[in-house]
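Scroll down for the structure; my scribbles are underneath it.
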Amino acid sequence: MDRMEAITDLAKRRGFVFPGSDIYGGLANSWDYGPLGTELKKNIKDEWWKRFVRERTDMVGIDAALIMNPKVWEASGHVKQFADPLVECTKCHERFRADQAGEKCPSCGGAFGPARQFNLMFKTFLGSTEEAKNQAYLRGELAQAMFVDFPAVLQSMRRRLPFGIASQGRVFRNEITPGNFIFRTREFDLMEFEYFCVASEWEKHFEYWLSEMKAWLAHCGVDAKNLHFHEIEDGERAHYSKRTVDIEYEYPFGRKELYGLAYRTDFDLKNHMESSGRDMRYADHETGERSVPHVVEPTFGLDRTVLVSLLEAYREEQAPTAEEGETDARIVMKFPKWMAPYKVAVLPLSKKKEITDIAEPLYAELRKAMMCDYDETQSIGKRYRRQDEIGTPYCVTVDFDTAKDGCVTVRDRDSMAQERVKIAGLAEYLTEKIK
74 MDRMEAITDL AKRRGFVFPG SDIYGGLANS WDYGPLGTEL KKNIKDEWWK
124 RFVRERTDMV GIDAALIMNP KVWEASGHVK QFADPLVECT KCHERFRADQ
174 AGEKCPSCGG AFGPARQFNL MFKTFLGSTE EAKNQAYLRG ELAQAMFVDF
224 PAVLQSMRRR LPFGIASQGR VFRNEITPGN FIFRTREFDL MEFEYFCVAS
274 EWEKHFEYWL SEMKAWLAHC GVDAKNLHFH EIEDGERAHY SKRTVDIEYE
324 YPFGRKELYG LAYRTDFDLK NHMESSGRDM RYADHETGER SVPHVVEPTF
374 GLDRTVLVSL LEAYREEQAP TAEEGETDAR IVMKFPKWMA PYKVAVLPLS
424 KKKEITDIAE PLYAELRKAM MCDYDETQSI GKRYRRQDEI GTPYCVTVDF
474 DTAKDGCVTV RDRDSMAQER VKIAGLAEYL TEKIK
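Heads up, the sequence shown stops at 508 in my numbering, and the numbers go up one at a time, no gaps.
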């Protein structure tokens, strides 16, 4: 079983990611986050927001509507230019992205017809009739809401350049060939911000945010040797970008994009100003001079962050057993502790009342401070292995000595070292450990 297959199997078996609509045979490349995957994803989202918004004085956040006035997408260029080259097999009529298709159809070996552009915007209709005048789009990126809301944010929050507007949320792209688990899907979550600055300082901010994206990836436990920084050449960049760096990752299926950093110049604000008639300029507080800000845009794919986190965390190891000198195989997900779905598992050594009368209240108390699991089935060794496999950093075992000494055994996921710790102060002890 290769690494990608192992991750996909574990994700389904342990409640991270399930195939979407599975009882009806599924839907091509549709995935649902299970209980543990939802916690993992939320932990990443919350940490990103804390790091890039709440802990900074130069960033504010918005939460915008999924459907915007269609004129937004016309002004931004998405209606005409947000497209991929498509080819269709002349034999089986399957469609593929031209830049990924090869010379012959991978399904039947047939020849491809001429390439044509395929717009990625998802169309929908507002109102009761599907008429052209009611046509709208599900958003294809988060950025446009931050540009459209720029004057309102500027007026209400009284920010001075440079500053950023951040957003997280779902976007929709009618991808021709989605695939590779949650790497490429038609609906996915992004985390990004538009950082507004004066034109003369964009290079300084570009380099700063590139370094911050590297620091974030290190914080997520990503090994730097798996990362590559690809400078996108002229003619290959998006229509709005003057400079783009793709942060690529060595996935089991090849080197592909993880994040992107783009210098969008004043393209978007200027286009929206011309199209809407609204003044999008910023007035300098000292000189009073008015100008359209330039924008540096770091984009973080949330689903791809989840995928990379699963790949980076996955380990197959030989671990000692209860028998002295013997080992057996264990699968362990070595997530950064802040990221792990469960931070602690409470494991009563027995179901006897003298044990559970301590373990159950302890579990209830710890749940107030952190996400916890409670497991009382099978041997303690098998329970440790189950918690290792979902990445729980600490297991707390309540045993027959607990009633006598007021202590529990705390086991570390990574080292498997065990330590006796007093119940009094246990929550504080664990909170400090999982920071």
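Just so you know, even glycine gets a beta-carbon here, dropped at the ideal spot from N, CA and C.
The Cβ atoms of R87 and Y387 do not sit closer than 8 Å to each other.
Below 8 Å, enough C-beta pairs join the segment 358–373 and the segment 266–277 to call them touching: three or more. For the pair V381 and V318, the CB atoms are not nearer than the 8 Å cut-off. By DSSP's assignment, P371 forms a beta bridge with L334.
Counting along the chain, E280 sits inside the alpha helix (DSSP H) bounded by residues 275–292. Nearest to A442 by alpha-carbon distance, out of F256, L420, T504, Y332, is T504. About 6 Å separates the beta carbons of V90 and I255, which is inside the 8 Å limit, making them a contact pair. When DSSP reads this structure, A402 sits in a beta bridge with Q391.
Less than 8 Å separates the beta-carbon of L420 from that of V469. Residue pairing of H358 in beta bridges, as defined by DSSP: absent, with no partner found. Shown here, G454 sits in a helix according to DSSP, grouped into three states. Segment contact: the segment 236–246 against the segment 214–222, three or more CB-CB distances shorter than 8 Å; contact assigned.
Check the Cα spacing between G134 and each of R232, L422, H358, P179: the tightest is with R232.
Considering only T258, G150, Q491, the residue with the shortest C-alpha distance to L375 is T258.
For the pair N344 and E323, the CB atoms are not nearer than the 8 Å cut-off.
Its chain contains R243, F245 as the residues whose beta carbon lies nearer than 7 Å to that of E260, once the 5 sequence neighbours on both sides are disregarded; these appear in chain order.
Between S103 and G93, the C-beta spacing is below 8 Å.
In the displayed model, A174 falls within coil according to three-state DSSP, outside both helix and strand. Taking 8 Å as the upper bound for CB-CB distance, M132 and F266 are in contact here, some 6 Å apart.
L211 and T163 have their C-alpha atoms spaced approximately 31 Å apart. In terms of Cβ geometry, R403 and R459 do not form a close pair [threshold 8 Å]. Each of G333, F326, E321, F302 was checked against the Cα of A311, and the nearest Cα belongs to G333.
Across the structure, N116 and G107 are spaced so that their CA atoms are roughly 14 Å apart. Per DSSP, reduced to three states, the secondary structure at I140 is strand. The beta-carbon separation of F279 and Y313, rounded to 15 Å, does not stay under the 8 Å limit for a contact. The criterion of a C-beta distance shorter than 8 Å is satisfied by V152 and M194. In this structure, DSSP gives I496 a state outside helix and strand, which the three-state scheme calls coil. Take Q491, set aside five residues on each side of it, and the residues of its chain with a beta-carbon closer than 6 Å to its own are T482, R484, in chain order. Around the CB of D95, fewer than 16 other CB atoms lie within 10 Å, so the residue is classed as exposed. A476 sits exposed, since fewer than 16 C-beta atoms from the chains shown fall within 10 Å of its C-beta. Counting the other Cβ atoms within 10 Å of the Cβ of P187 gives fewer than 16, which makes it exposed. Assigned with DSSP and collapsed to three states, W411 falls in coil, not helix or strand. Excluding the 5 residues flanking it on each side, R486 has same chain C-beta neighbours closer than 8 Å at V405, K407, Q460, D461, G464, T465, P466, Y467, C468, in chain order.
With 16 or more other CB atoms across the displayed protein chains lying within 10 angstroms of its CB, T338 is buried. In this structure, the CA atom of A497 is about 13 Å from the CA atom of P434. Per the C-alpha coordinates, the member of L83, E385, R493 positioned closest to D478 is R493.
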